[in-house]
Amino acid sequence: MAALIQAHTLSKIYNRHQADEVRALSEVTFSVEAGEAVVLQGPSGSGKTSLLSLIGCMTRPTSGQLRIGEKEVSRLPEPFLARVRRETFGFIFQQLNLLRDLSVLDNILLPLYPADLKTAEMHSRAERVLEQLNLLEKQRMKVAQLSGGEQQRVAIARALINQPEIIIADEPTAHLDSTLSKELLVILEHLKKDGKTIVFATHDPYVYQHRLVDRRFSMHDGVLRKAE
Amino acid sequence: MQRSLAFGAYLLFSSLLLALLLYSGRQQADTVAEHYFPANRQLVKQLGLTDLSIWSEARYTRHPSQADLFTAFQDYPGAFDHFPAGSIIGPGCLQGSPSLSFQKRGQP
Amino acid sequence: MSARLKILEHALASMARRKQKNFAIIAVYTLTVATLASILFLTQALRNEAANVLLGAPDLVVQRLLAGHHDLIPKQYAEQIAKLPGVGKVTPRVWGYYYDSLKKVNFTLLGVNDASEPPLLAGHLPTSGRQCALGRGIADTYGVEIGDSLVLVDSKNRTLLYEITGLFSHQSSLLTNDLILLPEAELRRFFALPDSQASDLAVQVYNEQEVSTLAKKIKHQLPDTRPIGKMEILHTYDTVFNWRSGIMLTIFSSALIAFCILAWDKATGISAEEKREIGILKAIGWETSDVLLLKFWEGLAVSLSSFLLGTIIAYLHIFFFGAGVLGPVIQGWSVLFPKFDLTPAIDLYQIFALAGLTIIPYIACTVIPSWKNAVTDPDSVMRS
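Chains as they are written, first to last, in the working numbering: chain Y, 214 to 441; chain F, 821 to 928; chain R, 13 to 396.
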């Protein structure tokens, strides 16, 4: 069976041919099987976030190929990339990136608006994820009124609403205390059990040493190595 | 859903209100065209009027169609009637000019 | 529900978050539209009024020009003109102005011969020497009624009294507001006009098509005259209101431009917050076109609601409240200003033009500046 994510000699150069040219990734080759949990570790600036952006179809590689499932995505035009993002990925950002003045429900419904779904279907999905993350009672509250842990759960709910195959999480525990980190990993473990593929970037030992992690890679100056 | 419904309702309501106003205006105009315009037209005809009486301050505003051809700004006693001055500075006071007054019935 | 409507839902939710700002913009926008629409409605109604009512004006008015300005015309000209084929009745008109320096009002004095009752007049026209009829504007300004007397001072400084026998009704105010009607013979005495001359001549022409030909003939036979056709009179009103409304359009178009600058500034100065939001939406799977649709809805929501509200306000202002706010602007220094009781005359083309000129630029102002952000790759969201 082919791997779910297959990257072959992926490179990313920002501000190409300019004075401030940055080589963020050099010829990264790796693959992730469906259902795996993979961690990218490494110091900040090592290219973890760039690799996650590439895998998550938020930007296109300067060179190399990337396959998500059966699809070659490295040269897809923008509207198709957006569709792949919407249908395949759920993102949990380091900064959460929630719209703080909107209600919890409005926030988690956001990824569904451009999709052609029936209203009833949207709301039943929302109810399911809200229940899963124990947020049902808070759904009418504004995100700004919630605690840090609750906000984190809203971000996860938003990532799950479009029933993605792959969850991408960039430093998910960076702003959480140890209790909340534990809680988060419990949730992620459940997701893995449900068959989701998870790709993390982190430098938190608690995360990369956790039992849910199948494989670890370390990154340094845009080069990917298998971690010991 | 509620917001777009409310917005749609507002748009519908105000469009209908506007349409209603325009329609009633048309009706009103028809009535006027039947009664008021003919009476005024008759009055114009009988008195031989040539102009609307809107601005009485100068000849070219009171009788624009009858004003002299080449002296466009003319006639208001004491007015600085050159645009834009005329519309910014008030007319001055004329010394020793005639005035209009009335005598109530029964008063000397 | 389609994706478009769901994005509208989000646009409204998103605007509700910035209530104060959006209400302020809608208020300014509505005011601008209301002002522009008021001007359009008012001038259109006045033009319509002039076009309908002045159809009764003389087919031709013949003035005499002396040294480039209007002078008295000899009555024998009337006989000459009457001999031209196609000419009906030629009526010498006698009229002039009278200035009240206390109230700073100019009146129009008009001589009448015909004592048959005209419409819209309470009482009757002056018949004997010491009688007069007045327009409603004068009666209201001076607070007089039928039976009171008008006091005029003639050019020899003699004080003359005229009993008021008739008052015109409000409905004719746009025509008769400042009129003082005296019997023609009396007016001649008052102005010391010689019997052999008149102010001008009103000429009846049987065939409307021939008015301009006749005007040419008159001008040829009597080179010192200036014939003014009815169509010219109506045309004058068209241009007068264009010019008048032109001034205000100039003033208020600067208001509109100022508003556009505000809108442009608001929209181009896309805040960091808005940029971040666009990034988030794109990152979670919105396409560029979805983001632009969102901005389109935002612009449309503001501009369409303001346009409708503004137009309704303008309509009520002009036709229900007698142009109370705009009136004084048009009034200028005029003291005797008729109360506007205007007949609605709406040009749908103008309304659509106004809609196009206000709604489309605003939407452009909201959508275009977001474009650059909407097409940028969303990976910057990951790094913030």
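Even glycine gets a Cβ: it sits at the ideal position worked out from N, Cα and C.
In this text, all values refer to a predicted model and were calculated from it rather than measured experimentally.
CB contact below 8 Å: Ala335/R versus chain F: Here residue 335/R refers to the residue found at position 323 of the third sequence. Closer than 8 Å: no.
Please list the residues of the segment 877-889 of chain F that have a C-beta atom closer than 9 Å to any C-beta atom in chain R, keeping them in chain order. For the segment 877-889 of chain F, which is checked against every Cβ of chain R, the residues closer than 9 Å are Glu877, Ala878, Arg879, Thr881, Arg882, His883, Pro884, Ser885, Gln886, Ala887, Asp888 and Leu889.
Residues of chain F with a CB under 8 Å from the CB of Leu173/R: which are they? What you label residue 173/R is simply residue 161 of the third sequence in a count that begins at 1. What Leu173/R touches in chain F: Gln923.
Proximity below 8 Å, CB of Arg353/Y to CB of Leu323/Y: As a working mapping, residue 353/Y is identified with position 140 in the first sequence. As a working mapping, residue 323/Y is identified with position 110 in the first sequence. For Arg353/Y and Leu323/Y, no; Cβs fall outside 8 Å.
Where does His433/Y fall in DSSP's three states? Reading the first sequence from its first residue, position 220 is the one you call residue 433/Y. His433/Y: strand per DSSP, three-state reduction.
Looking at Pro390/R: is its Cβ nearer than 8 Å to the Cβ of Lys287/R? Within the third sequence, numbered from 1, the residue matching residue 390/R stands at position 378. Within the third sequence, numbered from 1, the residue matching residue 287/R stands at position 275. For Pro390/R and Lys287/R, no; Cβs fall outside 8 Å.
When the cut-off is 8 Å and only beta carbons count, does Tyr801/F lie next to chain R? Any property of residue 801/F remains undetermined from this structure, which presents chain F solely from 821 to 928.
Within the continuous beta strand (DSSP E) that includes Pro239/R, where are the two ends? Here residue 239/R is taken as the residue at index 227 of the third sequence, counted from 1. Residues Thr237 to Gly241.
What does Ile381/Y pair with, by DSSP beta-bridge criteria? For the purposes of this step, residue 381/Y is taken as the residue at position 168 of the first sequence. According to DSSP, Ile381/Y bridges with Phe304/Y and Val412/Y.
Phe243/Y - DSSP class collapsed to helix/strand/coil: Taking the first sequence and counting its residues from 1, one reaches residue 243/Y at position 30. Phe243/Y falls in the strand class under three-state DSSP.
Answer yes or no: does any C-beta atom of chain R fall closer than 8 Å to that of Leu323/Y? Working through the first sequence from its first residue, we reach residue 323/Y at position 110. The C-beta of Leu323/Y comes closer than 8 Å to at least one C-beta of chain R.
Would you tell me roughly how many angstroms separate the C-alpha atoms of Ser876/F and Leu369/R, rounded to the nearest one? Locating residue 876/F in the second sequence gives position 56, counting from the first residue. Locating residue 369/R in the third sequence gives position 357, counting from the first residue. So the alpha carbons of these two residues sit roughly 35 Å apart.
In chain order, what residues of the segment 13-29 of chain R put their CB closer than 8 Å to some CB of chain Y? Here the close residues are Met13, Ser14, Ala15, Lys18, Ile19, Glu21, His22, Ala25, Ser26 and Arg29.
Neighbourhood of Gln247/Y by C-beta, 6 Å cutoff - its chain only, sequence neighbours within 5 removed: In the first sequence, the residue the question calls residue 247/Y occupies position 34. Sequence inspection shows Ala at residue 247/Y; the Gln mentioned does not correspond to that position. Beyond the five residues adjoining it in sequence on each side, Ala247/Y comes within less than 6 Å, by CB distance, of Leu217 and Thr410 in the same chain, given in chain order.
Near-chain R residues of the segment 261-274 of chain Y - C-beta to any C-beta below 7 Å: Residues passing the 7 Å Cβ filter: Thr262, Leu265, Ser266, Met271 and Thr272.
Quick check on Tyr856/F: does DSSP put it in helix, strand or coil? On the second sequence, residue 856/F is found 36 positions in, with the first residue counted as 1. Helix.
Between Ala339/Y and chain R, is there a C-beta pair that is closer than 8 Å? To locate residue 339/Y, count along the first sequence from 1; it is residue 126. Taking Cβ atoms only, chain R never reaches closer than 8 Å to Ala339/Y, which makes this a no.
Could you check where the beta strand (DSSP E) with Tyr109/R kicks off and where it finishes? Locating residue 109/R in the third sequence gives position 97, where the first residue counts as 1. Start and end: Trp107 to Asp112.
Indicate the three-state DSSP secondary structure (helix, strand or coil) for Pro340/R in the structure shown. The count along the third sequence starts at 1 and reaches residue 340/R at position 328. Helix.
Can you pull the chain A residues whose beta carbon is under 8 Å from the beta carbon of Leu312/R, in chain order? Going by chain labels, chain A is absent from the structure shown, which instead holds the protein chains Y, F and R.
Which complete beta strand (DSSP E) runs does the segment 231-276 of chain Y hold, if anything under 3 residues is left out? The segment 231-276 of chain Y contains these whole beta strand (DSSP E) runs: 235-245 and 250-254.
Three-state secondary structure assigned by DSSP to Ser824/F: Taking the first residue of the second sequence as 1, we reach residue 824/F at position 4. The answer is helix: DSSP assigns Ser824/F an H, G or I state.
Assign Ile230/R to one of two classes, buried (16 or more other C-beta atoms within 10 Å of its C-beta) or exposed (fewer than that). Locating residue 230/R in the third sequence gives position 218, where the first residue counts as 1. Taking all protein chains in view, the Cβ of Ile230/R is crowded by 16 or more other Cβ atoms within 10 Å, so the residue is classified as buried.
Looking at Ile3/R: is its Cβ nearer than 8 Å to the Cβ of Ala210/R? Shown here, chain R extends from 13 to 396; a query on residue 3/R therefore has no answer.
How about the segment 50-59 of chain R and the segment 318-338 of chain R: do they share at least three Cβ pairs that are nearer than 8 Å? Short answer: they touch.
Going by C-alpha to C-alpha distance, which of Val297/Y, Val399/Y, Ala237/Y and Thr272/Y sits closest to Glu283/Y? Here the question's residue 283/Y lines up with position 70 in the first sequence. Selected option, being the one with the closest Cα: Val297/Y.
Nonlocal neighbours in the same chain, by C-beta distance under 7 Å from Asp83/R, ignoring five residues either side: What you label residue 83/R is simply residue 71 of the third sequence in a count that begins at 1. Scanning its chain for C-beta atoms nearer than 7 Å, with the 5 sequence neighbours on each side dropped, one finds around Asp83/R the residues Arg76 and Leu77, in chain order.
Mind listing which residues of the segment 47-60 of chain R have their C-beta closer than 9 Å to chain Y's C-betas, in chain order? Cβ contacts with chain Y: none found.
Please list, in chain order, the residues of the segment 273-306 of chain Y that have any C-beta partner in chain R closer than 7 Å. Listed in chain order, the positions of the segment 273-306 of chain Y with a beta carbon within less than 7 Å of a beta carbon of chain R are Glu291, Pro292, Ala295, Arg298, Arg299, Phe304 and Phe306.
Okay, do the segment 823-831 of chain F and the segment 306-320 of chain R touch, 3+ Cβ pairs below 8 Å being the bar? Taking 8 Å as the limit for Cβ pairs, the verdict is that the segment 306-320 of chain R does touch the segment 823-831 of chain F.
Rounded to a whole number of angstroms, what is the C-alpha to C-alpha distance between Gln233/R and Pro239/R? Counted from its first residue, the third sequence places residue 233/R at position 221. Counted from its first residue, the third sequence places residue 239/R at position 227. Near 12 Å, if we compare the C-alpha coordinates of Pro239/R and Gln233/R.
What does Arg438/Y pair with, by DSSP beta-bridge criteria? Along the first sequence, one-based indexing puts residue 438/Y at 225. For Arg438/Y, the pairing in a beta bridge is given by DSSP as Ser431/Y.
Looking at the structure shown, is Leu373/Y part of a helix, part of a strand, or coil, going by DSSP? The count along the first sequence starts at 1 and reaches residue 373/Y at position 160. In this structure, Leu373/Y counts as helix in the three-state DSSP scheme.
Do you know whose CA, among Ser346/R, Leu199/R and Tyr41/R, lies nearest Leu312/R's CA? Start at 1 with the first residue of the third sequence, and residue 312/R comes out as number 300. Distances from the alpha-carbon of Leu312/R to those of Ser346/R, Leu199/R and Tyr41/R put Tyr41/R closest.
Show which residues of chain R have a CB atom less than 8 Å away from the CB atom of Ala220/Y. Your numbering for residue 220/Y matches position 7 in the first sequence. Ordered by position in chain R, no residue passes the 8 Å Cβ test against Ala220/Y, which lies about 16 Å from the chain.
Use the C-beta contact count for Ser337/Y: other C-beta atoms within 10 angstroms, 16 or more gives buried, fewer gives exposed. To locate residue 337/Y, count along the first sequence from 1; it is residue 124. With fewer than 16 Cβ atoms within 10 Å of its Cβ, Ser337/Y is classed as exposed.
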